[in-house]
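*Asks:* Reading the sequence shown from the start, the letters are residues 112 to 308 in the numbering used here. Structure provided below as structure tokens; questions to follow.
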Amino acid sequence: MIAIARATGMNVIDALSVFSPYQVIKTRPIEPSSAEILSQVHHADLMAELQFRTSKKHYPRELRKGIDLIPFPHDGSVRTWIDSIDPGDIRQQMSQETGMALTYIATQLTENKLNPSLAIAASRAGGGSFATGLVVTELITPAEGGWQIRAREDELLEVSDDVLVEAISARIHLLQRRVKQRKEAREYAEKMTELLG
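As structure tokens, then:
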């Protein structure tokens, strides 16, 4: 249906909203919130922005010109989107609405994936744009989901210092968890290799 809409020049959101479960897609603003946009900025770009703001002598803003932001989806972009709209129990609400186990949802997030049903459930639970959930999960493009051409670049420049630092702190925490998970997975694989000879 999306391919047909694109081929015929039809608005993809209009085409999707005809079908369940996408009928809700136009009941909320199509455009993403500031938090949702910032969630799709890679942690390296967040850290670079902090450098530009805090040490203009060593990191003049001119250095940024001509360098594009790291494209999304990036590693962890689905989880950071979930975190950006999480009212505190978003995973439980996603599980209740879809009937999918929390362990399955956790696996999806670890693998940086989310099926459309879970994306819709997450948007509903978090109060976010239904369209943005479909953008983040790559069902539709940012342009089709109402994103401005330079939405991420503009948001990065406009975000307050405290929000920027909070976002960086959250990403570092996520990176620490990933490093720990990879270490544990490697150690488990080594033990299994030893046991199996």
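In this text, a Cβ means the ideal position worked out from N, Cα and C, and glycines have one as well. As the structure is a computational prediction, the values presented were derived from the model and not from experiment.
1) Using CA coordinates, which residue listed in P171, L161, I231, K168 is at the minimum distance from T248?
2) Give me the Cα-Cα distance between F144 and A233, rounded to the nearest whole angstrom.
3) Are three or more beta carbon pairs between the stretch 181-197 and the stretch 282-296 nearer than 8 Å?
4) If you pair each beta-carbon of the stretch 120-132 with each one of the stretch 242-261, do three or more pairs fall below 8 Å?
5) If we ignore side chains and look at the alpha-carbon of each, how far apart do L275 and A236 end up?
6) Please give the ranges of any alpha helix (DSSP H) in the stretch 148-221, keeping only runs that are unbroken, at least 4 residues long and fully inside the region.
7) Could you tell me whether the stretch 150-161 touches the stretch 174-190, where touching means 3 or more Cβ pairs closer than 8 Å?
8) Determine whether the beta carbon atoms of P140 and G257 lie at a separation below 9 Å.
9) Assign I231 to one of three DSSP states: helix, strand, or coil.
*Replies:* Let me lay it out:
1) If you number the sequence shown from 1, residue 248 lands on position 137. Of the candidates P171, L161, I231, K168, the one whose C-alpha sits nearest the C-alpha of T248 is I231.
2) Here residue 144 refers to the residue found at position 33 when the sequence shown is read from its first residue. Here residue 233 refers to the residue found at position 122 when the sequence shown is read from its first residue. It is Ser, not Phe, that sits at residue 144 in the sequence shown. Looking at the two C-alpha atoms, the distance is approximately 14 Å.
3) Cβ pair count under 8 Å is three or more, so yes.
4) The stretch 120-132 and the stretch 242-261 touch, with no fewer than 3 CB-CB distances between them shorter than 8 Å.
5) Taking the first residue of the sequence shown as position 1, residue 275 is located at position 164. Taking the first residue of the sequence shown as position 1, residue 236 is located at position 125. Taking the Cα positions, L275 is about 24 Å away from A236.
6) As far as the stretch 148-221 is concerned, its whole alpha helix (DSSP H) runs of at least 4 residues are 154-165, 188-196, 201-209, 213-221.
7) Yes, the stretch 150-161 touches the stretch 174-190.
8) Here residue 140 refers to the residue found at position 29 when the sequence shown is read from its first residue. Here residue 257 refers to the residue found at position 146 when the sequence shown is read from its first residue. Cβ atoms of P140 and G257: closer than 9 Å.
9) Within the sequence shown, the letter at position 120 stands for residue 231. Helix at I231.
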